[in-house]
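At position 279 of the sequence shown the residue is numbered 280 (our numbering), and the sequence of numbers has no breaks.
The C-beta atom is built at its ideal place from N, Cα and C for all residues, glycine as well.
The next block holds one structure in the form of structure tokens; read it before the comments.
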Amino acid sequence: MLDGGAGVHLTAALVLHDAAAEAAAGATAATAQAGPTAAAALRRERDDHVRSFLEAYPEAMDSENDEYLYGRAGYLQGCHILNAVIGPGTVAEEVVEGVATEILESGRELAGRLRWRRTDTPPPPLFYMWPHGQEGEPYLGGAHGLMGILFALLHCGPVVQQHGQELRASLAYVASHETNAAGCTAGGGHYPTRMAVGPEGLAAEGGAAGARPGKVLVHWCHGSTGAVLMWCKAYEVFGDPAYLAAAQRAGEVVWQLGLLRKGHGLCHGTSGNAYVLLTLHRASRQPAWLARARQFAAHMGSEEGRSVYDTPDRPLSLFEGRAGALCLLADLLAPDGGATAARFPALELPYTA
């Protein structure tokens with residue numbers, strides 16, 4: 002969904018919304034007519050993209066996948082972002098709740114098919130595989146797994162009100178996977194790429210596709226980076242200090258192991274890891290996290306940082322390439338230095354004063 006047409010229309014709508022606001026605010030006596038005219042034209046184009054995004058609703062409802070990047074969770078978060086930026090009602094409540102309900106029902110159905118063999122934790126009320134079908138994997142992380150799905154659901158007020166216990170039980174299931182990370186002096190905070198059991202009761206071991214078994218991945222797509230975002234949102238919603246503590250443990254793993262060689266991007270690069278340190282700064286109000294995020298950004302631009310990066314498949318893209326790094330640098334160079342307004346693009350709700 003967000004990796005396809007819906008994501009294109011979401012991004013275009015957000016860019017045009019900002020451009021329209023700038024055109025209206027920048028009008029002077031000399032451009033008194035041109036400013037409002039340009040703003041109106043930009044808003045019309047924005048609205049066209051919003052309509053195109055909404056036209057993907059049937060596709061979201063019919064999708065076999067619930068994860069963030071290609072499935073319903075990403076579309077759901079896109080709805081939340083549009084309502085936060087353009088205004089409440091941009092996406093109707095019945096659309097938001099329809100997608101959220103479908104995600105919940107899908108997770109319950111698959112959880113009901115589990116042959117639960119673990120004795121250390123109860124079975125999860127929600128369970129997901131990606132991709133759908135026999136070849137699916139029980140991923141845990143932000144891009145394809147339970148962390149990303151819960152992150153999106155936690156933004157949905159009616160879901161939290163009606164199904165809060167179900168969400169908290171699912172968070173507890175995620176927490177049951179926390180372990181120590183090899184090479185990290187902090188305790189805990191590491192999460193495997195896959196959940197501990199699949200629909201046939203098969204233990205899920207090893208790393209992501211192509212990764213060595215037991216390899217520590219510190220990415221948004223897999224690992225502690227996605228955990229930070231989920232735990233910080235859970236803390237914001239429920240106010241449970243245990244969630245903030247879990248976020249901070251994951252943040253320590255990101256800090257110690259998060260200077261990655263896969264490029265500058267958000268998905269599995271250093272800029273994405275820097276963004277979640279900024280998220281932790283806002284959640285904890287501890288200045289150390291802000292300082293650490295700035296150090297990550299400085300390393301990206303250093304001679305050492307530039308020399309160790311691999312070239313990603315899409316070197317200019319938002320999630321793999323330089324566009325994500327440019328967003329981070331722009332946020333850190335803003336008047337607040339990244340302390341207040343910086344948000345992980347396409348994931349966190351944009352800051353509104």
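Bounding residues of the alpha helix (DSSP H) (the contiguous stretch that carries residue i)
i: residue 135; result: Neither: residue 135 is in no alpha helix (DSSP H) and is coded neither H nor E.
i: residue 87; result: Unbroken run through residue 87: none, as it is neither H nor E.
i: residue 191; result: Neither: residue 191 is in no alpha helix (DSSP H) and is coded neither H nor E.
i: residue 54; result: 35-55
i: residue 148; result: 147-154
i: residue 58; result: 58-63
i: residue 15; result: 6-26
i: residue 275; result: 271-285
i: residue 94; result: 94-112
6 Å CB neighbourhood of residue i in its chain, flanking five on each side removed
i: residue 14; result: 47, 50, 51
i: residue 282; result: 290, 291
i: residue 133; result: 65, 66
i: residue 267; result: 273, 320, 325
i: residue 4; result: 70, 71
i: residue 78; result: 153
i: residue 360; result: In the structure displayed, the chain extends from 2 to 354; residue 360 sits before or after that span and is not available.
i: residue 58; result: 96
Residue i versus residue j - alpha carbon distance
i: residue 314; j: residue 321; result: 7 Å
i: residue 162; j: residue 236; result: 15 Å
i: residue 84; j: residue 102; result: 18 Å
i: residue 221; j: residue 307; result: 21 Å
i: residue 231; j: residue 24; result: 36 Å
i: residue 184; j: residue 218; result: 12 Å
i: residue 86; j: residue 298; result: 27 Å
i: residue 225; j: residue 20; result: 35 Å
i: residue 115; j: residue 294; result: 40 Å
i: residue 191; j: residue 247; result: 10 Å
i: residue 284; j: residue 109; result: 30 Å
i: residue 137; j: residue 252; result: 29 Å
i: residue 130; j: residue 146; result: 7 Å
i: residue 245; j: residue 255; result: 15 Å
i: residue 71; j: residue 149; result: 11 Å
i: residue 119; j: residue 125; result: 11 Å
i: residue 370; j: residue 35; result: This structure cannot speak to residue 370, because the chain is shown only from 2 to 354.
i: residue 112; j: residue 68; result: 15 Å
i: residue 186; j: residue 123; result: 30 Å
i: residue 100; j: residue 82; result: 14 Å
i: residue 128; j: residue 139; result: 8 Å
i: residue 90; j: residue 345; result: 23 Å
i: residue 239; j: residue 104; result: 21 Å
i: residue 56; j: residue 107; result: 22 Å
i: residue 350; j: residue 304; result: 33 Å
Nonlocal neighbours in the same chain, by C-beta distance under 8 Å from residue i, ignoring five residues either side
i: residue 188; result: 181, 250
i: residue 300; result: 260, 271, 306
i: residue 22; result: 40
i: residue 311; result: 262, 263, 264
i: residue 8; result: 2, 75, 79, 347
Where residue i sits in the DSSP three-state scheme
i: residue 219; result: strand
i: residue 290; result: helix
i: residue 180; result: strand
i: residue 140; result: strand
Any chain C beta carbon closer than 7 Å to residue i
i: residue 105; result: Of the chains in the structure shown, none is chain C; there is only one protein chain.
Nonlocal neighbours in the same chain, by C-beta distance under 7 Å from residue i, ignoring five residues either side
i: residue 31; result: For residue 31, the predicted structure reports a pLDDT of 46, less than 50, and the residue's modelled location is therefore unreliable. A value from the coordinates is still provided. Here the set comprises nothing.
i: residue 330; result: 298
i: residue 229; result: 248, 251, 252, 255, 277, 280, 281
i: residue 168; result: 151, 154, 155, 161
Check your understanding: Which ranges would you report for the alpha helix (DSSP H) in the stretch 221-267 if only whole runs of at least 4 residues count?
Key -> Counting only runs of at least 4 residues, the stretch 221-267 fully encloses the following alpha helix (DSSP H) elements, listed from N- to C-terminal order: 225-239, 242-258.
Practice item. Give, in chain order, every unbroken run of the alpha helix (DSSP H) that is at least 4 residues long and sits entirely within the stretch 292-326. Key: As far as the stretch 292-326 is concerned, its whole alpha helix (DSSP H) runs of at least 4 residues are 304-309.
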